[in-house]
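In this note's numbering, the protein residues as written are -8 to 129.
Below is one structure, written out as structure tokens; comments come after it.
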Amino acid sequence: MTHRGFTSTLPLIALVVLMTFVSLVATPAWSQSSSADTQQGTPSGAGMQAGAAVSTILYFPFKAAFAIGGGIVGGLAYLFSGLNEQTAKSIWVPSMYGTYVITPEHLSGDRSVRFLGVAAESDSSAGSYSQPASEPAR
């Protein structure tokens, strides 16, 4: 295969990889039950699902690019900080966690879209344990 032939098939390969990834990510999200299940089978529910699909197609490339960039920058921060994992996680968590697939619940306002991710409570408290402050007696 010549160099010219490879560059002409590169967009096709990228499209196949992207479509495969989107189908693997989107299928579990649509299979989850939710409060919007009562609208399933109605024209309104179909419109919400179509809107969610179009929104995901537009939103996902930006979120994926942000996550990939955050992964690279976090890896460099890890190396340049003397292998300090907390430094890397302070970049990785906001960039890699968060919403990747827009669902009808996001469009109806039942769930919020989180472009920047938030660490789970067990992750944030693992580094240093502190006793929770008790509320004053009333």
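Glycine is no exception: its CB is placed at the ideal position from the N, C-alpha and C atoms.
Exposure label - residue i; buried when at least 16 CB within 10 Å
i    : result
F106 : exposed
A41  : exposed
M10  : exposed
T0   : exposed
I93  : buried
S72  : exposed
Bounding residues of the alpha helix (DSSP H) (the contiguous stretch that carries residue i)
i   : result
E48 : The displayed chain sequence assigns Ile, not Glu, to residue 48. Unbroken alpha helix (DSSP H) run through I48: 34 to 71.
Identity of the residue in the options nearest residue i by Cα
i    : options              : result
V109 : F51, F53, S(-1), T90 : T90
A44  : S35, P95, L67        : P95
Under the three-state DSSP convention, the category residue i falls into
i    : result
L74  : coil
L107 : coil
T90  : coil
- Message: I'd like to know if the region 63 to 83 and the region 39 to 55 are in contact, where contact means that at least 3 CB-CB pairs between them fall below 8 Å.
- Response: no
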